[in-house]
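Asks: Got a structure for you, written out below as structure tokens; questions coming shortly.
2 protein chains.
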Amino acid sequence: MQRPVLALLTASLVLAHGRACAAEAPTTIPAAAVQTAEQLRNEAMHDDTAYQVVKSLTTEIGPRLAGSANDPRAREWAIAKFKALGFDKVYTEAVTYPLWVRRSEHGAIVAPFPQSLTLTALGYSPGTPNGGLTAQIVQFPSLEALKAADPGTVKGKIVYIGYRMHRTKDGHDYGIGGGIREEGPPTAAAKGAAGFLLRSAGTDADSRTPHTGLTDFRDPAKSIPAAALSNPDADQLERVLAYGKPVTVKLDLDCGIEGQYTGYNVIGDIVGRKYPDQVVVIGGHLDSWDPGTGAIDDGAGVAIALGAAKLIHDLPQRPDRTVRVIAFANEEMGLWGGRAYAEKHAAEVGKFQLGTESDLGAGPVYQMSASVKPQARGAIEQIAKVLKPIGVAYDAKLPGGGGSDLSQMHLKGMAALTLSQDATHYFDWHHTANDTLDKIDPQQLAQNVAVYAVFTYMAAQADGDFGSAPGAFAGDGAGD
Amino acid sequence: MQRPVLALLTASLVLAHGRACAAEAPTTIPAAAVQTAEQLRNEAMHDDTAYQVVKSLTTEIGPRLAGSANDPRAREWAIAKFKALGFDKVYTEAVTYPLWVRRSEHGAIVAPFPQSLTLTALGYSPGTPNGGLTAQIVQFPSLEALKAADPGTVKGKIVYIGYRMHRTKDGHDYGIGGGIREEGPPTAAAKGAAGFLLRSAGTDADSRTPHTGLTDFRDPAKSIPAAALSNPDADQLERVLAYGKPVTVKLDLDCGIEGQYTGYNVIGDIVGRKYPDQVVVIGGHLDSWDPGTGAIDDGAGVAIALGAAKLIHDLPQRPDRTVRVIAFANEEMGLWGGRAYAEKHAAEVGKFQLGTESDLGAGPVYQMSASVKPQARGAIEQIAKVLKPIGVAYDAKLPGGGGSDLSQMHLKGMAALTLSQDATHYFDWHHTANDTLDKIDPQQLAQNVAVYAVFTYMAAQADGDFGSAPGAFAGDGAGD
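Quick mapping for you: the protein sequence lines, in order, are chains A and S. Following the numbering used here, the numbering of the first sequence begins with 39 at its first residue and continues without gaps. Following the numbering used here, the numbering of the second sequence begins with 39 at its first residue and continues without gaps.
This is the structure we're talking about:
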């Protein structure tokens with residue numbers, strides 16, 4: 039999403055490459071499968087399995103920060119839920135990662151106008167020293183300005199960047215806001231800053247609910263305390279800075295990395311009748327940030343995949359290929375579940391028929407794009423035709439990236455879709471305490487289930503494949 | 039607002055009473071004063087003094103819980119601001135009240151599904167014992183149901199009432215929500231409950247920002263820990279309760295009454311040229327709840343009154359009567375500033391020409407009503423005529439209550455207005471962390487200033503009075 043020009047260019051390259059091997063037989067979807075997909079679509083639009091799943095997850099488990107006390111509870115919940123929905127195989131695969139913990143977080147303007155600030159520590163932020171970190175604020179208008187700054191202006195200070203995100207349907211402004219959150223802290227640290235603050239990478243201009251999220255800290259020894267202010271608190275800090283006096287802020291963060299943790303991807307298979315070792319894979323991530331209950335991020339994704347698979351499971355007979363649902367471990371702290379899965383299964387990438395993950399909330403899918411071999415373009419068009427009546431446009435020029443964790447399998451060579459959801463309000467609630475069940479519209483969630491049920495089933499029944507092979511889509515520009 | 043039928047009935051009584059003494063000369067406003075009021079109105083609509091005042095207060099001071107460290111800072115701010123705006127006299131009057139402090143507050147569902155709850159302690163709530171209060175929830179659909187409950191069903195439990203407030207222009211649903219918050223805790227305590235929880239008395243259905251506010255606890259020895267859940271947390275608790283298993287909640291509140299505190303009403307006079315001892319009084323309250331910065335409640339009210347008075351101050355000559363602005367101390371914990379003022383000045387009530395306080399946010403005024411003597415009804419109609427072009431309707435049947443603190447002077451016999459503001463969104467933010475400057479629309483704030491400048495000036499210049507006298511408006515049904 040952050041690189042549309044590159045995406046278009048490289049998609050053209052894929053198409054050009056495709057023409058050179060056009061002698062292969064085209065992949066097609068049999069008429070009976072199309073008809074069943076239409077039935078699945080219509081049924082899904084009135085099915086509430088997904089809503090019941092995300093309701094159960096957010097009510098019975100709630101926040102699911104990777105490695106927290108709720109991590110194993112969520113895993114047990116997932117295993118039980120997969121089994122209850124009738125998956126033929128339910129299993130887990132280990133995912134090991136650094137354990138980051140958050141215990142408490144406070145912030146305050148110390149001078150010139152003492153008052154508390156509502157903030158949240160960012161992922162992999164170290165804690166502040168005992169008694170907190172008190173330092174002067176130095177403000178930069180952008181990440182680029184910080185990168186260009188003389189370290190002398192930054193040393194010993196708390197860097198603040200106040201970029202204000204705006205709502206867009208495709209959520210592209212998160213490319214800037216999230217980029218500041220990720221790159222800002224290590225950039226400031228490298229210049230000798232004592233700490234880092236940003237205006238939350240979120241579009242809720244009026245809410246005192248700061249947005250947490252990942253930083254790009256790679257080395258704990260080179261990391262500094264980093265936190266996000268809520269939008270109104272950022273407004274307040276900027277008003278105070280506008281008085282032109284030195285502004286001193288105190289950060290008191292009790293958080294940090296505490297060794298390693300081993301979590302698990304939870305995987306369920308509906309085993310294919312004809313080609314059990316060929317897999318259509320869908321999913322979401324089971325972990326969530328801790329302030330909210332992980333409803334839109336990403337209980338919805340897990341629920342959409344489970345809801346779609348359940349409808350396929352309930353058909354009179356198993357699909358031709360295996361339908362796999364993965365509830366990934368620790369997406370939030372750096373795609374740990376997705377990367378572990380891709381490493382473990384890279385050699386089998388050719389057996390992955392098609393895949394994508396849902397991880398942009400619960401808004402309706404409005405666009406599909408795909409990275410597939412040229413001979414499968416017709417099959418994608420067949421899928422698009424079934425999805426068109428429920429509001430999904432097909433953009434044949436854009437690549438398909440596979441979503442968040444499954445982007446890693448796509449990088450290995452798995453044919454993949456991008457199913458763009460309406461993200462207009464997603465970044466109002468993303469990574470905040472407000473990520474709760476009430477943000478999900480059951481009817482919009484059902485539309486997502488319909489989309490996933492349709493493409494999953496049609497790919498599972500296709501005559502032919504979509505081009506998965508080691509390195510098949512290298513450089514297609516998919517940036518999900 | 040909670041008793042419209044009573045209000046209409048008693049307003050009729052006032053009118054009936056009026057006819058009996060219609061021989062008095064009518065109060066009228068001279069043509070020159072009407073013309074000046076029109077100029078003030080037009081000027082106010084483009085004046086940003088009030089916005090600058092509330093910006094200054096919320097930025098430089100922020101939260102102003104009565105008796106907190108910010109209480110004297112806010113007082114010094116107010117004294118300096120009154121002086122800077124040119125008031126002829128600036129002085130304070132002491133207000134003594136119980137000091138309630140809030141240090142920390144946490145809540146959690148312990149069983150069957152452990153997870154934290156976002157909540158806020160209510161005013162005058164005692165703290166929980168060391169280690170917190172853990173007890174089973176007993177749910178009631180309404181305050182009436184709690185009142186009717188057998189104490190045996192409540193004893194030792196945490197009472198929960200989940201009334202959901204809805205947005206209305208006049209904010210009348212706060213009569214129910216606020217009533218549960220005030221009466222629910224002592225009612226539960228009297229039946230032996232261990233604690234009290236309610237769904238926040240607020241209309242922000244999707245925000246994790248709980249609404250604090252006052253309880254009706256009168257006796258610390260008979261008080262129990264009481265708190266409000268945010269709306270999404272109330273949804274969550276109700277979903278958990280719907281599983282039909284016993285639900286155990288832990289409250290950990292560090293708060294309570296700590297002796298007494300003496301704060302101050304801050305008062306500024308623009309001294310009348312002809313009748314310096316006759317006063318038109320307007321104001322707001324200087325204290326605020328602590329989670330937010332007290333922008334709409336009630337920085338806006340203080341700012342509106344100061345903005346209006348400043349425009350009158352800047353006229354070529356002082357008004358005939360004194361214009362008084364009061365920034366009241368500790369309205370939030372029980373009208374302490376307003377009651378102290380009324381007690382101190384009850385004997386002079388006949389010298390208070392007319393008054394009202396702004397304390398319902400920063401939405402535009404859409405309606406005026408008045409409790410005045412019948413012979414002053416024509417003068418009120420003259421005021422209404424000047425206000426009509428800026429969207430203010432006049433309801434001659436409803437009484438005027440004087441606002442929150444000044445309701446106490448009205449109870450003593452002061453002629454008073456009610457200036458109804460559009461409160462559609464007021465209870466989204468009221469008493470929450472979200473009560474911040476960004477909720478104020480400068481243009482809507484300016485409309486309020488125009489309304490206050492017009493009526494204040496016209497009342498100050500009137501030929502005749504509005505009927506203030508000891509006990510003059512007893513039982514007029516004003517419930518502000």
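From the three backbone atoms N, C-alpha and C, an ideal C-beta is built for every residue, glycine too.
Under the rule that 16 or more other beta-carbon atoms within 10 Å means buried, what is A/Y529, buried or exposed?
Replies: Nothing can be reported for residue 529 of chain A: it is not among the residues displayed for chain A, which extend from 39 to 518.
Asks: Residues in the stretch 98-118 of chain A with C-beta within 9 Å of chain S's C-beta atoms, listed in sequence order?
Replies: Of all residues in the stretch 98-118 of chain A, E98, I99, G100, P101, A107, N108 and R111 have a Cβ within less than 9 Å of some Cβ in chain S.
Asks: For a test of the three-state rule: what should DSSP assign to S/P223, helix, strand or coil?
Replies: DSSP places S/P223 in helix when its eight states are reduced to three.
Asks: For A/R246 versus S/N472, is the C-beta spacing smaller than 8 Å?
Replies: Closer than 8 Å, so yes.
Asks: Counting contacts by CB-CB distance shorter than 8 Å, is S/K283 in contact with chain A?
Replies: Answer no: the Cβ-Cβ gap between S/K283 and chain A never drops below 8 Å.
Asks: Identify the contact partners of S/K477 in chain A, using a Cβ-Cβ distance below 8 Å as the criterion.
Replies: Simply D244.
Asks: Please confirm if A/F151 has its CB atom under 8 Å from at least one CB of chain S.
Replies: Output row for A/F151: interface = yes.
Asks: Which one or two residues does DSSP pair with A/D307 in a beta bridge?
Replies: DSSP, once it has assigned bridges, lists A/K127 and A/R362 as partnering A/D307.
Asks: Could you tell me the distance, in whole angstroms, from the CA atom of A/G509 to the CA atom of A/L449?
Replies: Each residue's alpha carbon lies about 7 Å from the other.
Asks: Might you give, ordered along the chain, the residues of its own chain that have their beta carbon closer than 6 Å to the beta carbon of A/G388, omitting 5 neighbours on each side?
Replies: Once the five neighbours on either side are set aside, the close Cβ partners of A/G388 are S506 and A507.
Asks: Once the 5 residues before and after S/L275 are set aside, which same chain residues still bring their CB inside 6 Å of it?
Replies: Answer for S/L275: no residue qualifies.
Asks: Say yes only if the C-beta of S/L436 is nearer than 7 Å to one or more non-hydrogen atoms of the ligand SAH, and no if none qualify.
Replies: As for the ligand SAH, it is missing from this structure, which has no ligand bound.
Asks: In this structure, does DSSP put S/Q355 in helix, strand or coil?
Replies: S/Q355 falls in the coil class under three-state DSSP.
Asks: If we cut at 8 Å on Cβ distances, does S/V340 have a partner in chain A?
Replies: S/V340 does not count as touching chain A.
Asks: Starting from the C-beta of A/V309, find all residues in its chain whose C-beta is less than 6 Å away, skip the five residues before and the five after it, and write them out in chain order.
Replies: Excluding residues within five positions, the ones whose Cβ falls inside 6 Å are D126 and T360.
Asks: Which residues in chain D sit within 8 Å of S/R141, going by Cβ to Cβ distance?
Replies: No chain D appears in this structure, whose protein chains are A and S.
Asks: How far does the alpha helix (DSSP H) with A/P110 in it reach, from first residue to last?
Replies: First-last of the alpha helix (DSSP H) with A/P110: N108 to A122.
Asks: Rounded to whole angstroms, what is the Cα-Cα separation between S/P357 and S/L444?
Replies: C-alpha separation (whole angstroms): 22 Å.
Asks: Excluding sequence positions up to five away, which residues of its chain have a Cβ less than 6 Å from the Cβ of A/L95?
Replies: Around A/L95: G337.
Asks: Measuring alpha carbon to alpha carbon, tell me which residue in S/A491, S/H351, S/A414 and S/Q316 is nearest S/V403.
Replies: Looking at the Cα atoms, S/A491 is the closest of the given residues.
Asks: Does S/H383 come out as helix, strand or coil in the three-state DSSP assignment?
Replies: The answer is helix: DSSP assigns S/H383 an H, G or I state.
Asks: By Cβ distance below 7 Å, which residues in the same chain neighbour A/T172 in space, the five residues on each side in sequence not counted?
Replies: So the list reads V148, T286 and K288, once near-sequence residues are dropped.
Asks: From the beta carbon of A/A512, is the nearest beta carbon of chain S less than 8 Å away?
Replies: So, not an interface residue.
Asks: Could you check whether A/T65 and A/A414 sit closer than 8 Å to each other, using their CB atoms as the reference points?
Replies: The answer is yes: Cβ separation under 8 Å.
Asks: Out of S/H469, S/S407, S/H463 and S/P480, which has the shortest C-alpha to C-alpha gap to S/T241?
Replies: Closest option to S/T241, Cα to Cα, is S/H463.
Asks: Can you name, in chain order, every residue of its own chain whose Cβ lies under 7 Å from the Cβ of S/S142, other than the five neighbours on each side?
Replies: Result list for S/S142: D292, in chain order.
Asks: Could you tell me which residues DSSP puts in a beta bridge with S/L235?
Replies: DSSP lists S/Y198 and S/A265 as partners of S/L235.
Asks: For S/A471, which residues in chain A fall below 7 Å Cβ to Cβ?
Replies: Residues of chain A passing the Cβ test: T156 and R246.
Asks: If we call anything under 8 Å between Cβ atoms a contact, is A/T130 one with A/V317?
Replies: Result no, Cβ atoms of A/T130 and A/V317 do not sit closer than 8 Å.
Asks: Under a Cβ-count criterion, where at least 16 other Cβ atoms within 10 Å of its own Cβ denotes burial, should S/N108 be classed as buried or exposed?
Replies: Looking at its Cβ environment, which holds 16 or more other Cβ atoms inside 10 Å, S/N108 is buried.
Asks: What residue does the beta strand (DSSP E) around S/Q459 start on, and which one ends it?
Replies: Here the beta strand (DSSP E) through S/Q459 covers A454 to Q459.
Asks: From this set, S/A239, S/D335, S/A264 and S/A243, which residue's C-alpha is nearest S/T225's C-alpha?
Replies: Considering only alpha carbons, the answer is S/A264.
Asks: So, is A/L353 buried or exposed, given that buried needs 16 or more other C-beta atoms within 10 angstroms?
Replies: Looking at its Cβ environment, which holds fewer than 16 other Cβ atoms inside 10 Å, A/L353 is exposed.
Asks: Do you know whose CA, among A/T206, A/L184, A/P189 and A/R79, lies nearest A/R219's CA?
Replies: A/R219 has its Cα closest to that of A/L184, out of A/T206, A/L184, A/P189 and A/R79.
Asks: Which residues, in chain order, does the stretch 257-280 of chain S contribute to contact with chain A at a C-beta distance below 7 Å?
Replies: The stretch 257-280 of chain S vs chain A, Cβ under 7 Å: P270, D273, Q274, R277 and V278.
Asks: Looking only at its own chain, which residues have a Cβ that is under 6 Å from the Cβ of A/Y198, when we skip the five neighbours before and after it?
Replies: Taken in chain order, the residues that qualify are I175, Q177 and L235.
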